[in-house]
Amino acid sequence: MSPRASSPLGPVLDEGDLARIVTRCGRKLLGRNAPPLLTLDEYLWVACSLDRALESRGLAGAEPTELSPVERAGLADALARALHEALDDDFVRRVADRLLAGALDDALGARERRILAELSVAFSAEPVRIVLQALTGGPGPLLCRDRAEWARARALLDLPAWRNEDLADYERYLEARGDESAAARVRLTRERLASLQ
Numbered sequence: 018m019s020p021r022a023s024s025p026l027g028p029v030l031d032e033g034d035l036a037r038i039v040t041r042c043g044r045k046l047l048g049r050n051a052p053p054l055l056t057l058d059e060y061l062w063v064a065c066s067l068d069r070a071l072e073s074r075g076l077a078g079a080e081p082t083e084l085s086p087v088e089r090a091g092l093a094d095a096l097a098r099a100l101h102e103a104l105d106d107d108f109v110r111r112v113a114d115r116l117l118a119g120a121l122d123d124a125l126g127a128r129e130r131r132i133l134a135e136l137s138v139a140f141s142a143e144p145v146r147i148v149l150q151a152l153t154g155g156p157g158p159l160l161c162r163d164r165a166e167w168a169r170a171r172a173l174l175d176l177p178a179w180r181n182e183d184l185a186d187y188e189r190y191l192e193a194r195g196d197e198s199a200a201a202r203v204r205l206t207r208e209r210l211a212s213l214q
């Protein structure tokens, strides 16, 4: 057995360990008590990117059961490629840094830190797979910075479809908070929405 290098979370894992953690974290993300993975701006960006992939294939609003096996395979491939594109370096860095910070936060309980540590490792190894599992079945819990953002999240998620102008208020809110990275992500989402409408 070869020695393992160390990281802020302890020893670096081999591929077998990593596969087990990714699978276990995927299940935890689908559970009711899953830790929030994405912020609202990240969720909006990913959802809009996936909508764009559906729209480009003429499949917006299509039910998977209505598609042939070949169409379903093409759709799965298009969604995977869209998610790969959406998870750019800034996106992955922000989520990975946030998960690592949570895993190292002494204010959290040992169980929460362990889950976040495993999720951090799994996300760093396979961000597309973890985000896809997090999105399965709806947005799941979103990480909101305060009650005002939570209210905005509820209002946006209750809409049947988003329009460019629906996100303008949220972008201004993020700018007022000084979160330029998140505001820039919402700006890009608005541009992407404009291209779909």
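To convert a position in the sequence shown, counted from 1, into our numbering, add 17. A virtual CB, placed ideally from N, CA and C, is assigned to each residue, including glycine.
Buried or exposed by the 16-neighbour rule on C-beta atoms within 10 Å, applied to residue i
i, result
"residue 131", "exposed"
"residue 200", "buried"
"residue 167", "exposed"
"residue 27", "For residue 27, the predicted structure reports a pLDDT of 43, less than 50, and the residue's modelled location is therefore unreliable. A value from the coordinates is still provided. Label assigned to residue 27: exposed."
"residue 159", "buried"
"residue 102", "exposed"
"residue 128", "exposed"
"residue 170", "buried"
"residue 176", "exposed"
"residue 90", "exposed"
"residue 99", "buried"
"residue 118", "exposed"
"residue 139", "buried"
"residue 46", "Low local confidence applies: a pLDDT of 47 at residue 46 is under 50, so the model's placement there is unreliable, with the coordinate-based value given in what follows. Classification for residue 46: buried."
Beta-bridge partners of residue i, as assigned by DSSP
i, result
"residue 55", "159"
Sub-8 Å separation of residue i and residue j beta-carbons
i, j, result
"residue 165", "residue 137", "no"
"residue 58", "residue 203", "yes"
"residue 211", "residue 181", "yes"
"residue 65", "residue 209", "yes"
"residue 52", "residue 104", "no"
"residue 115", "residue 198", "no"
"residue 184", "residue 207", "yes"
"residue 109", "residue 144", "yes"
"residue 62", "residue 205", "yes"
"residue 213", "residue 83", "no"
"residue 93", "residue 70", "no"
"residue 141", "residue 97", "no"
"residue 173", "residue 187", "yes"
First through last residue of the alpha helix (DSSP H) which encompasses residue i
i, result
"residue 188", "185 to 194"
"residue 197", "197 to 213"
8 Å Cβ cutoff, residue i in contact with chain C
i, result
"residue 152", "Reference to chain C is not applicable here, since this structure consists of a single protein chain."
Residue i: CB within 7 Å of a non-hydrogen atom of the ligand ADP
i, result
"residue 104", "Looking for the ligand ADP in the displayed structure turns up nothing, as the structure carries no ligands at all."
Hey, which unbroken runs of the alpha helix (DSSP H) at 4 residues or more fall wholly within the stretch 102 to 175?
106 to 120, 127 to 142, 144 to 152, 164 to 175
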